[in-house]
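**Q** Under the numbering used here, the first residue of the sequence shown is numbered 14, with each subsequent residue one higher.
We treat Cβ as the ideally placed atom computed from N, Cα and C, and that holds for glycine.
Mind looking over this structure? Questions follow.
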Amino acid sequence: MPTLPPDPARHAGSEPHQHRQVAESFGTDPDRYDRARPRYPEAMVRWLLEVSPGTDLLDVGCGTGISLRPFQRAGRRVLGVEPDARMAGYARRHGAEVEVATFEDWEDAGRRFDTVLAGQAWHWVDPVAGAAKAARVLRPGGRLAVFWNADQPPPELARAFAEVYRRVLPDSPAAARWQATGVDGYARLCDRAADGIAQTGAFTEPERRRFDWERSYTREEWLEQLSTSGGHGRFPEARLAEVLAGIGAAVDDRGGSFPMRYTTLVVSAVRTGNR
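Written out as structure tokens, the structure is:
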């Protein structure tokens, strides 16, 4: 489930980074968030490790630490930047070094990094200001890599999900979510990220990659994951309960579990210049 409206152009003032109230809703239950949210494919992590020089890595919008842990395990020295103190606290309790700030306002104190990454978070950052900040803190030859997980359930289940939202919350962005291909929505985020990187003039031409993978969800696993998705924490309690009941019934009709196809979309570029 995406964490922003599926078609930002349809919503006045709807650039994702302008919706801090949605971004800040994720920290309500960081334990559940960390438990339920999807990880990232090993193939993507291996590729980034191969193409990224050095050992110093900065994770922008690190949340509970889901995106930084694979790089820690690979021996990288990782610093996280996270605006939500609740999420940052969870990450710290699980072995991460995290500073609390939005990336645009974060004080780098002269520190420099070999890699700057953002997993499922770059849409909360101003695309031009964020890329310019990344350029400032990257060493020459360092890499900026931003990525998202786009999900796509089986078509009949997507239609059932869409009907639940149309019935319960017809005016919410979620009502349109399952009528479109998940990859299409995130492709727009990739366009936005690539444009911001290009506007800085500080990077090579942005490169795009995709990694396809799949995982299965039980009814309980999917409802828990859904509760952590953007905007759901802000639904009226009774409406949220009705949504979850409807989604749960749709999964039950399919036998209580289903395969979810994921595509992890990556935009990356290398810092140019000599300083």
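Going by DSSP, what residues sit across from Q165 in a beta bridge?
**A** R274
**Q** If contacts are defined as beta-carbon pairs under 8 Å, then R152 and R284 qualify, I think. What distance do you get, rounded to the angstrom?
**A** 7 Å
**Q** What's the gap between the Cα of G261 and the Cα of S240?
**A** 12 Å
**Q** Considering just the uninterrupted stretch of the beta strand (DSSP E) at S229, what are its terminal residues?
**A** Start and end: E220 to T231.
**Q** Could you tell me which whole alpha helix (DSSP H) segments of length 4 or greater appear in the segment 53 to 127?
**A** 55 to 64, 82 to 86 and 98 to 106
**Q** Which word fits Q212, buried or exposed, when buried means at least 16 other C-beta atoms lie within 10 angstroms of its C-beta?
**A** exposed
**Q** What does a CB cutoff of less than 6 Å around T276 pick up in its chain, not counting 5 residues either side in sequence?
**A** A163, V196, R223 and D225
**Q** Skipping 5 residues on each side, what residues in its chain have a beta carbon closer than 8 Å to that of V150?
**A** L71, D121, R124, R125, F126 and V129
**Q** Going residue by residue through the segment 131 to 177, where are the continuous alpha helix (DSSP H) segments of at least 4 residues, counting only ones entirely within it?
**A** 140 to 150
**Q** Return the CA-CA distance between R232 and G67, expressed in angstroms with no decimal places.
**A** 42 Å
**Q** Under the three-state reduction of DSSP, which class applies to R50: helix, strand or coil?
**A** coil
**Q** Of the choices L182, G143, L170 and C203, whose alpha-carbon is the least far from that of F248?
**A** It is L182 whose Cα lies nearest to the Cα of F248.
**Q** So what does DSSP say about A282, is it helix, strand or coil?
**A** strand
**Q** Under 6 Å Cβ to Cβ from E255, same chain only, skipping five residues before and after it: list those, please.
**A** V181
**Q** Pull the bridge partners of F216 from the DSSP assignment, please.
**A** BP columns for F216 point to R284.
**Q** Is the distance from the Cβ of P167 to the Cβ of P272 below 9 Å?
**A** yes
**Q** Out of A263, R205, E220 and G155, state which residue places its alpha-carbon closest to the alpha-carbon of R288.
**A** Comparing Cα positions, the closest option is G155.
**Q** Quick check on this structure: which residue in A109, S185, R48 and E55 has the alpha carbon closest to the alpha carbon of C75?
**A** Considering only alpha carbons, the answer is A109.
**Q** Cα-Cα, which of E218, R45, L202 and V141 is closest to E117?
**A** The shortest CA-to-CA distance from E117 to any of E218, R45, L202 and V141 is the one to V141.
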